[in-house]
Amino acid sequence: MKRYIALLIVPELFFMLPAAADAKGDRLSAPAASTVNCHVATKAQVARLFDRWNNSLHTGDPARVAANYTHDAVLLPTLSGRARHTQKEREEYFRDFLKKKPVGHIDSRTVRTGCNQAVDTGTYTFTFDDGSKVNARYTFTYVWDAGNWLISSHHSSVVPH
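Straight run, no breaks: the sequence shown in the numbering used here ends on number 163.
The structure is reproduced here in structure tokens:
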């Protein structure tokens, strides 16, 4: 009976193992048996994804900023306590945010990449047209979506004093 139970449990444990980071801790791994066509971004490419997003802020066009996100992305924005789940909601947030003419600057970052996903997390500073600044923590999660890297979740919060 004990042998029978062990035969049932051991295979279940295999499927419960989470994806893990490699020895350097900067790579997300995909399931070993996956037949997915993997696109793995370099750290430099992930840095350029932030630049793309930041440059879209400079356009002043909320739709251009929202175009960086997947249709079902979650935005937890810097200057609002309300989560944004749709393109329309993200555009509404950026409509107000862009009035301040924000310019983002990365202060520190850690990047993890893997099969069709990347995570960029750290701290950044927004400088606004009136000279004021906001220091914030951020996490951008990117996914490879129809031939393009898009933001699937974005969390940004003001650094407490």
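Cβ coordinates follow ideal geometry from the N, Cα and C atoms, glycine included.
- Going by DSSP, N56 is part of the alpha helix (DSSP H) stretching over K45 to H60.
- By the neighbour-count definition (other C-beta atoms within 10 Å, threshold 16), P64 is a buried residue.
- The DSSP assignment places complete beta strand (DSSP E) segments of no fewer than 3 residues inside the stretch 54-101 at 71-78, in order along the chain.
- The beta-carbon distance between V121 and T72, rounded to whole angstroms, is 15 Å. This is too long to meet the 8 Å contact definition.
- Nearest Cα to Q89 within the set S82, V76, H157 and L81: V76.
- In the structure shown, D132 falls within a coil segment according to DSSP collapsed to helix, strand and coil.
- Within the same chain, W55, S58, L59, T61, R92, E93, F96 and L100 come within 8 Å of V67 by CB-CB distance, once the 5 residues on both sides are set aside.
- Cβ atoms of L78 and H163 stay farther apart than 8 Å, at about 20 Å.
- For V161, there is no enclosing beta strand (DSSP E), as DSSP gives it neither H nor E.
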